[in-house]
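No gaps in the numbering here: position 108 of the sequence shown is 108 in our numbering, and each next residue is one more.
Note that the Cβ used here is the ideal one computed from N, Cα and C, for glycine as well.
Note sheet for the following structure.
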Amino acid sequence: MKLSENIGSTADFLDLHMENQGGQLFTIVYQKPSYEPYYLPFNSIHPLHMKKNIIFTMFLRTSRYCSTFQVYLNEREKLRMALLLNKYPNRIIDEQFNHVLSKCNIDQPLDFNNYNLIREKIIETPIKEKIPVDY
C-alpha cells in the first residue's frame, strides 16, 4: 500500500472520494483507475446467500457514500449494470436493494426530497446485531 500526502479540496481514501464543494462535503464511491466491474459470477458454485450479500453490501455502501440523490442514482445504475454483466438476475438485484431499505426500517421510496433524511437513517442504522457470546 502506498500512502501519499495531499493538500487540497479533494481526497480519496480506500473506496470513498471526498470533496469540499464551497464548504459542503461531497462524497461518492471511489474506484481506482484499475477498477474492473467484475464480481463473483452468479453462475459460480458459491452459495446463493454469498451472492446476495455481495449485492446487499454494494447497495448499502452506495447508500452510505453518495451524498446527493443524483450521484446515488448514477452509482446505483453503474452497480446494476456491473451485476447484470456478471449474470445476476434483475429480480435478485431489486430484492437486495429493497432488503437494504427494509433492514433500515425504510418503507418509502427514495426521491430528491427525502434522500438526505433516509441516507442519514441508513448511516446510523446498525446492520448486524451484536449478540453477546457466553464463554
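Asked: Measure the beta-carbon distance from I45 to I92 and round it to whole angstroms, keeping in mind my assumption that it falls under 8 Å.; Found: The Cβ separation is near 17 Å, so there is no contact.
Asked: Is Y30 near H17, with beta carbons less than 7 Å apart?; Found: yes
Asked: Expressed to the nearest angstrom, what Euclidean distance is found between the alpha-carbon atoms of N20 and L117?; Found: 21 Å
Asked: Could you tell me how far apart the beta carbons of R64 and I122 are, in whole angstroms, since I believe they sit closer than 8 Å?; Found: 6 Å
Asked: Taking the alpha-carbon positions, what's the N43 to I127 distance?; Found: 27 Å
Asked: Within 10 angstroms of the Cβ of E75, are there 16 or more other Cβ atoms? Answer buried if so, exposed if not.; Found: buried
Asked: Would you say Y39 and N86 are within 7 Å of each other, going by their C-beta atoms?; Found: yes
Asked: Tell me the rounded alpha-carbon separation between D12 and P33.; Found: 12 Å
Asked: Output needed for S67: all residues of its chain with C-beta closer than 6 Å, excluding positions within five of it in sequence on either side, in chain order.; Found: F26, T27
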